[in-house]
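S.K.: Before I ask anything, here is the structure I am working with.
Numbering (this note's numbering), first residue to last: 3 to 182.
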C-alpha cells in the first residue's frame, strides 16, 4: 500500500479545474447571448438606416410635388392674366410678366434641386453616421470573448514522503515493542 502525500492537493486541483471549466462554459454562453444581441441590434440598425434614407427621399419627392403644384398655379395665373398683343409697335410687350414667370419657375427648380442634391447628401451622410454610431455602440456592448486562461496544474504524486511516513510510523511502533 502506497500513500500519496499530495492526494489532498491533487483532489483540490481537480476541483479547481472542474470549477474553471464550469465558469468558462457559463461565460461562453453569456458571450454567445451577447453575439445574438449584436446580430439583432445590427438588423435593427440596418432597418433604421433604410428608413432614414427613405424618409429623406420622401421629403424630397414631397417638395418636388409642391414645387410642381406651385409651378402649375404660376403658369395658370400667368396665362389667366395675360394681355393680348393687338399688333402695337412695342417689341417688349408682356416681357416683364414672362420674365417674372421664368424667375418664379427657376426659384422652384432651385428648391427642388437642393432637395435632391445638397439636402439629400446631408440626409444620407447623417443617416450613415447614425447607423455607424449605433453599430459601434452595439459592438461595444459585445465586449471581448472569454478566455480560458492557464491550465490548472496538478501537483505531482509524492509516494516517497508517504513511504517515509509509513517507515517512521513502523519504526516508532517497533521501538515501542522493544523497550520494556
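Quick reminder that beta carbons are idealized off the backbone N, C-alpha and C, glycines included.
Using 8 Å as the threshold, is the C-beta distance between residue 144 and residue 37 below it?
M.R.: Reading the chain shown from its first residue, position 142 is the one you call residue 144. Reading the chain shown from its first residue, position 35 is the one you call residue 37. In this structure, residue 37 lies closer than 8 Å to residue 144 by Cβ.
S.K.: Can you list the alpha helix (DSSP H) stretches of 4 or more residues lying completely in the stretch 74-122, in chain order?
M.R.: Whole alpha helix (DSSP H) segments, 4+ residues: 97-118.
S.K.: Please report the straight-line C-alpha distance between residue 148 and residue 40, rounded to a whole angstrom.
M.R.: Numbered from 1 along the chain shown, position 146 holds the residue referred to as residue 148. Numbered from 1 along the chain shown, position 38 holds the residue referred to as residue 40. Distance between the alpha carbons of residue 148 and residue 40 is about 16 Å.
S.K.: From residue 31 to residue 50, what does the alpha carbon distance come to, in whole angstroms?
M.R.: Numbered from its first residue, the chain shown carries residue 31 at position 29. Numbered from its first residue, the chain shown carries residue 50 at position 48. Whole-angstrom Cα-Cα distance: 29 Å.
S.K.: Please list, in chain order, all residues of the same chain as residue 2 whose beta carbon is under 8 Å from its beta carbon, the five residues on each side excluded.
M.R.: This structure leaves residue 2 out entirely; the chain is present only between 3 and 182.
S.K.: Could you check whether residue 106 and residue 76 sit closer than 8 Å to each other, using their CB atoms as the reference points?
M.R.: Walking along the chain shown from the start, residue 76 turns up at place 74. Walking along the chain shown from the start, residue 106 turns up at place 104. In this structure, residue 106 lies closer than 8 Å to residue 76 by Cβ.
S.K.: Are the CB atoms of residue 154 and residue 19 within a distance shorter than 8 Å?
M.R.: Here residue 19 refers to the residue found at position 17 when the chain shown is read from its first residue. Here residue 154 refers to the residue found at position 152 when the chain shown is read from its first residue. In this structure, residue 154 lies closer than 8 Å to residue 19 by Cβ.
S.K.: Note down, in chain order, each residue of its chain lying with its Cβ closer than 8 Å to the Cβ of residue 69, except the 5 sequence neighbours on either side.
M.R.: Within the chain shown, the letter at position 67 stands for residue 69. The answer, listed in chain order, is 110, 111, 113 and 114.
S.K.: Buried or exposed, going by whether 16 or more other CB atoms sit within 10 Å of the CB of residue 9?
M.R.: By one-based count along the chain shown, residue 9 stands at place 7. Exposed, since its Cβ has fewer than 16 Cβ neighbours within 10 Å.
S.K.: With distance defined between alpha-carbon atoms, name the residue in 94, 29 and 11 nearest to residue 229.
M.R.: In this structure the chain extends from 3 to 182, so residue 229 is not present and cannot be described.
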